[in-house]
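Using the working numbering, read the sequence shown as starting at 1 and increasing by one per residue.
Here a beta-carbon is modelled for each residue, glycine too, at the ideal position from N, C-alpha and C.
Working notes, beginning with the structure itself.
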Amino acid sequence: MSKKGVLLVNLGTPDSPETRDVRKYLDEFLMDPRVIDINPVSRALLVKGIIAPFRSPKSAKLYKAIWHDKTGSPLLYYSQLQHQLLQERLGGEYMVELAMRYQTPSIEAALNRMKAALVDSIQVIALFPQYASASTGSVYDKVMELVRKWQTIPSISFVNSFHDNELMIETFANNGKKYKPETYDHILFSFHGLPQRQLIKCDHTGKYCLKVDNCCNTLNDTNKFCYSAQSYDTARLIAEKLNLPKEKYSICFQSRLGKDPWVQPYTSEVVAKLAAEGKKRLLVFCPAFVADCLETVYEVTVEYGDEFKALGGEHVQLVESLNDSPTWIDALEQMVRGVKSPVGSLKA
Numbered sequence: 001m002s003k004k005g006v007l008l009v010n011l012g013t014p015d016s017p018e019t020r021d022v023r024k025y026l027d028e029f030l031m032d033p034r035v036i037d038i039n040p041v042s043r044a045l046l047v048k049g050i051i052a053p054f055r056s057p058k059s060a061k062l063y064k065a066i067w068h069d070k071t072g073s074p075l076l077y078y079s080q081l082q083h084q085l086l087q088e089r090l091g092g093e094y095m096v097e098l099a100m101r102y103q104t105p106s107i108e109a110a111l112n113r114m115k116a117a118l119v120d121s122i123q124v125i126a127l128f129p130q131y132a133s134a135s136t137g138s139v140y141d142k143v144m145e146l147v148r149k150w151q152t153i154p155s156i157s158f159v160n161s162f163h164d165n166e167l168m169i170e171t172f173a174n175n176g177k178k179y180k181p182e183t184y185d186h187i188l189f190s191f192h193g194l195p196q197r198q199l200i201k202c203d204h205t206g207k208y209c210l211k212v213d214n215c216c217n218t219l220n221d222t223n224k225f226c227y228s229a230q231s232y233d234t235a236r237l238i239a240e241k242l243n244l245p246k247e248k249y250s251i252c253f254q255s256r257l258g259k260d261p262w263v264q265p266y267t268s269e270v271v272a273k274l275a276a277e278g279k280k281r282l283l284v285f286c287p288a289f290v291a292d293c294l295e296t297v298y299e300v301t302v303e304y305g306d307e308f309k310a311l312g313g314e315h316v317q318l319v320e321s322l323n324d325s326p327t328w329i330d331a332l333e334q335m336v337r338g339v340k341s342p343v344g345s346l347k348a
């Protein structure tokens, strides 16, 4: 029986929390020209000479703090669950494979399994709700690099982004409701950061990004492919589901690396500002991630939690990611089957 291939791809994780494996992961990740988009020689000197050697021991300690004795990396664990649950949902007509952009399981191995199975088509879903060249774009670049070597290439399709998928929005909102948002002083929607230069490169007009006031606040035809604009739209949709007034929540960006300006406002600065205003309890969503990982479990809960308490705050509560929620699996099934959930988020 012929099958349709579905390739789920997340970012990746070290094979273990040991320094050698963390360094191997960082080296592959940061050498990607879409991640650190500078001169190749400068990138190699920066990554191999400075970042990977010095950052690996520090990052290894953080990974050890979130690594589970039985299930290992939370990102890989939940990605595997998503893979398994989606395969069960779709049935024998589909062949679902899981890969990581960096490290294992590899995209190449997953594609080769589908090639051997003679799938009729391949649908690629990069598990990043908001499109960015450094994440979604990198996944598609790698897939095309590998498949173009095949003598026979099946029909291939890509899900560009799903930042406004209604079932995804509903899952995040329902996860948040469990913590009773009305009992918190403020809500944060903290997205992974990107260098501003990467946003500017995505503005094909050359006249809009960071040149128009509040250029990301509302999604429109000019910024519809912008990571920051899609992030603002995701936050708005979740806030609407929760009936949050605008003064009750803030949108910010975490995980800054290096000295170049990144997307602002920075989460750390927003946390400090809220503490200075006397806020005591923060509820934090991380809607750039479909599975809990180092950036959610540790960076938000521990690092920002400690910073907030040191400045007079009392508690930072992370809202868990989509993980293995049945509603999230519903969303993935809809994407695969081509069923579009109501969107209505694109503003004129």
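Straight-line Cα distance separating residue j from residue i
i	j	result
Trp67	Pro181	29 Å
Ser56	Met1	47 Å
Lys149	Gln123	18 Å
Lys177	Tyr298	22 Å
Tyr78	Cys226	27 Å
Gln87	Gly338	16 Å
Gln84	Glu28	27 Å
Thr183	Ala132	34 Å
Asn112	Glu240	43 Å
Ala275	Leu282	10 Å
Arg34	Ala134	5 Å
Asp37	Pro261	14 Å
Phe253	Val263	6 Å
Thr19	Lys309	30 Å
Lys211	Lys142	32 Å
Pro245	Met168	21 Å
Gly72	Gln80	12 Å
Leu30	Ala126	18 Å
Gly193	Asp233	16 Å
Met100	Ala110	10 Å
Asn174	Pro40	44 Å
Arg213	Pro287	The sequence shown places Asp at residue 213, rather than the Arg named in the question. Whole-angstrom Cα-Cα distance: 24 Å.
Chain-order list of residues whose beta-carbon lies under 6 Å from that of residue i (same chain, five-residue window excluded)
i	result
Lys280	Asp185, Gly313 and Glu314
Tyr304	Val271 and Val316
Ala52	Arg23, Leu26 and Asp27
Thr152	none
Thr136	Ala126 and Phe128
Ala331	Asn165, Leu167 and Met168
Asp203	Cys209
Sequence-distant residues of the same chain with beta carbon closer than 8 Å to residue i, five excluded per side
i	result
Gly49	none
Ile329	Gln82, Leu85, Leu86 and Arg89
Leu45	none
Tyr102	Leu11, Gly12, Tyr25, Glu28, Phe29 and Asp32
CB contact below 9 Å: residue i versus chain C
i	result
Val47	In summary, chain C is missing from the structure at hand, where a single protein chain is found.
Beta-carbon separation (whole angstroms), residue i vs residue j, contact threshold 8 Å
i	j	result
Gln230	Ser161	6 Å
Val22	Ala60	4 Å
Tyr140	Phe158	5 Å
Leu98	Leu8	5 Å
Lys4	Asp120	6 Å
Ser190	Val300	6 Å
Ser250	Leu188	6 Å
Tyr94	Pro14	The Cβ separation is near 30 Å, so there is no contact.
Leu146	Ile107	7 Å
Ser325	Thr218	About 28 Å separates the two Cβ atoms, so there is no contact after all.
Asp292	Asn323	6 Å
Val284	Leu318	5 Å
Backbone secondary structure at residue i - three-state DSSP
i	result
Lys309	helix
Ser190	strand
Glu277	coil
Arg101	strand
Leu111	helix
Lys4	strand
Leu282	strand
Gly91	coil
Pro195	strand
Val96	strand
Leu11	strand
Tyr208	coil
Trp262	strand
Leu338	The amino acid occupying residue 338 in the given sequence is Gly; Leu does not appear at that position. Three-state result, Gly338: coil.
Ser161	coil
Ser106	strand
First through last residue of the beta strand (DSSP E) which encompasses residue i
i	result
Ala126	Ser121 to Ala126
Leu318	His315 to Leu318
Phe253	Tyr249 to Gln254
Boundaries of the alpha helix (DSSP H) in which residue i is found, first to last residue
i	result
Lys61	Ala52 to Ile66
Ser157	Segment Ser155 to Phe158 is the beta strand (DSSP E) holding Ser157; no alpha helix (DSSP H) there.
Ala229	Tyr227 to Lys241
Ala173	Glu166 to Lys177
Glu18	No alpha helix (DSSP H) contains Glu18, which DSSP labels as neither H nor E.
Tyr140	Ser138 to Val147
Arg34	Looking at the DSSP string, Arg34 is not in any alpha helix (DSSP H), and its letter there is neither H nor E.
Cutoff 7 Å; reference residue i; Cβ partners in own chain excluding five residues on either side
i	result
Phe289	Glu295, Thr296 and Ser321
Ala117	Lys3 and Met95
Met335	Ile125, Val159 and Phe162
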